[in-house]
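Structure first, commentary second.
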Amino acid sequence: MAISVHDPEVRSPQFSSSRMHVQIGDDFIQAGWTAGQNQCYNSLCPAGIVLVRSDIPLGGLRGPPGVRGSTQIVYDTYGLLKDKANGNWWLEFGGIQIGFWPANIFQQSLANSVEWGGEVYSASLPGPRMGNGYFPLLDPVDDAHVCNITLVDESFKVDKMVKNIETFSDNNHSYKVYEDLDSGLPVGHIIYFGGPGKMSSLKQLNENPETNFLGNGIGSETIPDTVANGQDLLKDEIVSEHLTRNIQFFGLESQHKVTGSYVVVIGLGGVGSHAASMLLRSGVGKLLLVDFDQVSLSSLNRHAVATRADVGIPKAMCLKKHFSSIFPECHIEAKVILYDSSSEEEILSGKPDFVLDCIDNIDTKVGLLAACVKRGLKVLSATGAGARADPTRIRVADIRESTIDPLSRSVRHRLRRKHGIEGGIPVVFSLEKPKAKLLPFEGTNGEDENPLDYQVVPGFRVRIIPVLGTIPAIFGQIMASYVITQLAGVQVQMEPIVNLDLDHYRLLHQRLIEHEETVYGTSAEVEVDVEEVMYIVKELWHGRSARDETAKDVGRGMWRAMNELMLVRWDAKKPATVSNLVLLKFKEADEHETKTLEEVKESEKEFFERVSCVLKKAELDFYG
């Protein structure tokens with residue numbers, strides 16, 4: 049067994065050790081390293097053990113430990129092995145036998161259990177650090193861990209793939225342990241462990257923080273400006289533990305990108321509050337929350353954090369108040385302001401990494417999206433979440449493809465007409481047709497009245513649209529997920545929006561067979577069926593010509609566009625398989641078949657590489 053060596057900070061009379069523990073009846077033996085004392089941890093060594101080597105003294109100082117952030121791992125290797133001949137228990141260090149415990153001091157011959165990991169002791173002081181002093185992130189370079197675990201059973205059979213390992217920590221707030229039984233590394237199974245102990249920052253975290261929010265929505269600024277000051281949030285043990293699952297999913301480098309990011313969320317209702325909440329919980333280091341409206345009693349069915357006590361408070365201030373107790377290290381700004389051309393600079397300056405549009409007013413939404421495009425800012429827009437009930441039909445796609453949703457359709461038309469923007473903006477929308485309509489507006493006398501007479505802000509809706517609270521929440525979660533993966537640099541392939549039915553795929557399949565018979569004299573080399581044609585058209589080419597990079601024909605006119613498309617071989621020398629078929633318009637197909645692949649590569653290098661990449665993916669998906 050190998051144990052990584054570290055130097056956790058301890059104070060007398062504390063100690064912190066990393067060791068192997070073998071329980072033999074009521075007795076036990078241990079081997080490992082310890083910080084905090086210059087002798088064996090129980091002060092008894094070398095009593096009980098018979099040393100056979102004097103050049104490796106027990107309790108002696110060892111060489112320099114590993115350093116966090118370094119690429120160098122420092123290991124000690126240990127073994128506690130029972131002698132087959134006489135039953136003595138031998139201690140090995142670095143593959144060298146340095147001593148043994150005689151068999152006659154034990155009440156039984158075989159061990160009951162074996163433990164690996166860390167152990168700490170502190171008589172009066174708070175618990176010391178364990179391992180490298182940080183919660184493990186499943187990083188074999190930095191984390192404290194044991195590896196090369198080997199067991200020998202009663203028949204002296206060697207097992208290097210130990211099963212049935214149970215993890216345990218008697219204080220999960222201070223120390224963590226994780227196992228990786230399929231690390232894929234040559235060191236085999238790995239057990240990670242460590243933690244900061246009962247540090248002062250843990251105590252501070254559990255104290256009641258002074259509120260930074262007063263009843264009128266104005267309060268003192270107590271939220272730390274860590275990102276603005278260039279500090280690395282992940283160096284804080286509490287933050288690191290808060291984001292452990294994210295780090296395990298993304299990796300440390302990607303999580304650094306998230307915690308170093310700045311995101312603006314505009315519109316903090318059912319969609320925006322949930323999006324902002326998950327951005328915060330995922331470790332975004334700086335947030336700007338923008339909304340001119342207040343929390344209402346009827347909005348509590350869909351708001352992420354608001355309570356009845358928050359009714360009447362500005363939504364931006366409400367979120368800031370609650371967020372400060374969830375992730376106080378995040379730098380949060382709240383602006384009770386309406387987005388328009390006059391506030392554009394105030395809201396969009398500062399080079400945000402992402403802007404979330406959660407506005408439900410068309411003109412304001414169009415203005416914001418156009419401003420983001422003009423400034424070169426990444427933006428994600430939410431469309432109508434009201435009057436929907438089917439969460440399985442929510443999608444993320446380019447605004448060109450959101451033809452079914454009425455709000456996104458109106459936004460798309462105005463963007464094109466007023467600003468010349470036809471696409472390039474991702475939107476979250478539902479394929480479901482709205483289940484309900486705007487409710488009639490009743491005045492105080494109970495009779496229908498003109499809602500325009502009651503507008504506080506010109507152009508903003510007064511009539512109410514029914515909302516199932518779960519749907520805006522899902523919209524917000526999807527927005528947060530999209531943005532976080534984008535910030536982390538993780539590529540997620542969204543399901544394409546292709547409005548085709550089975551008859552269209554059958555038509556394309558039949559068209560392919562007829563074309564093969566015309567060009568090659570036989571359809572014997574067509575090695576795809578209708579289901580595979582569906583995969584090729586939908587997953588590989590998204591229902592458009594392979595030459596159409598911008599997807600401008602997707603959605604509007606999709607049904608008519610199929611009349612101009614066909615599948616042809618990419619390489620005429622190979623059969624018509626999933627990984628050798630491209631979707632092209634008729635004229636494009638005719639032109640393609642007049643050239644060799646070498647000619648295409650020479651004359652259109654970018655097109656050749658793009659198509660080759662798509663077909664390589666298909667080959668991996670289908671043929672491994």
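Its first residue numbered 49, the sequence shown is counted upward by one per residue in the working numbering.
Note that CB positions come from ideal geometry on N, CA and C, so glycine has one too.
Confirm, please, whether the CB-CB distance from residue j to residue i is below 8 Å.
i    : j    : result
D207 : L199 : yes
V677 : Y126 : Residue 677 is absent from the model: the chain starts at 49 and stops at 672.
A324 : L367 : yes
R110 : W138 : no
A159 : I72  : yes
L516 : A437 : yes
I407 : I314 : yes
I213 : E227 : yes
L631 : S571 : no
V312 : L463 : no
V319 : A192 : no
I77  : W149 : yes
Classify residue i as buried or exposed, calling it buried when 16 or more other Cβ atoms lie within 10 Å of its own Cβ.
i    : result
L550 : exposed
L282 : buried
Q558 : exposed
C661 : exposed
A354 : buried
F298 : buried
K161 : As written in the sequence, residue 161 is Ser, which differs from the Lys given in the question. Its Cβ having fewer than 16 others within 10 Å, S161 is exposed.
I374 : exposed
K621 : exposed
F402 : buried
E285 : buried
E562 : exposed
N294 : buried
I238 : buried
R608 : Because R608 sits at a pLDDT of 40, beneath the cut-off of 50, its placement in the model cannot be relied upon, and the following sentence gives the value as read from the coordinates. By the neighbour-count rule (16 or more Cβ atoms within 10 Å), R608 is not buried but exposed.
L233 : exposed
E636 : buried
E255 : Reliability fails at E255, whose pLDDT of 38 lies under 50, so the model's placement of it is uncertain and the value that follows must be treated cautiously. Exposed.
Looking at chain D, is there any beta carbon in it that lies within less than 8 Å of the beta carbon of residue i?
i    : result
G524 : As a matter of chain content, chain D is missing from the structure shown, which is built from one protein chain.
Considering residue i, what are the terminal residues of the alpha helix (DSSP H) in which it resides?
i    : result
C195 : Counting along the chain, C195 falls outside any alpha helix (DSSP H), though it belongs to the beta strand (DSSP E) covering A192 to C195.
F241 : No alpha helix (DSSP H) contains F241, which is instead part of the beta strand (DSSP E) from I238 to G242.
L128 : Unbroken run through L128 is the beta strand (DSSP E), Y123 to K130; no alpha helix (DSSP H).
A364 : K363 to I374
S651 : L645 to S651
Tell me the DSSP secondary structure of residue i in three-state form.
i    : result
L556 : helix
F63  : strand
L632 : strand
I526 : helix
E227 : strand
P105 : coil
R83  : Before going further, note that residue 83 is Ala rather than Arg in the sequence given. Three-state DSSP puts A83 in a strand.
D207 : strand
A536 : helix
M582 : helix
R592 : coil
S118 : coil
F76  : strand
P474 : strand
S344 : coil
I97  : coil
I213 : coil
L663 : helix
E480 : coil
G245 : coil
H69  : strand
V531 : helix
E657 : helix
E562 : helix
In the DSSP assignment, find the beta strand (DSSP E) that holds residue i and state where it starts and stops.
i    : result
F154 : Counting along the chain, F154 falls outside any beta strand (DSSP E), and DSSP gives it neither H nor E.
V168 : S161 to Y169
P113 : From DSSP, P113 is part of no beta strand (DSSP E); its letter is neither H nor E.
E140 : W137 to F141
S52  : A50 to S52
R617 : L613 to R617
I146 : I144 to W149
Query raised in the report: Which runs of the beta strand (DSSP E), 3 residues or longer, sit entirely within the segment 384-434?
Result: Entirely contained in the segment 384-434, the beta strand (DSSP E) runs reaching 3 residues are, in chain order, 402-405 and 427-430.
Report task. Note down, one range per segment and in chain order, each beta strand (DSSP E) of at least 3 residues found wholly within the segment 278-339. Result -> Here the runs fully enclosed are 310-314 and 334-338.
Query raised in the report: Could you give the uninterrupted runs of the alpha helix (DSSP H) lying entirely in the segment 444-468, keeping only those of 4 residues or more?
Result: Within the segment 444-468, the complete alpha helix (DSSP H) segments of 4 residues or longer fall at 454-467, listed in chain order.
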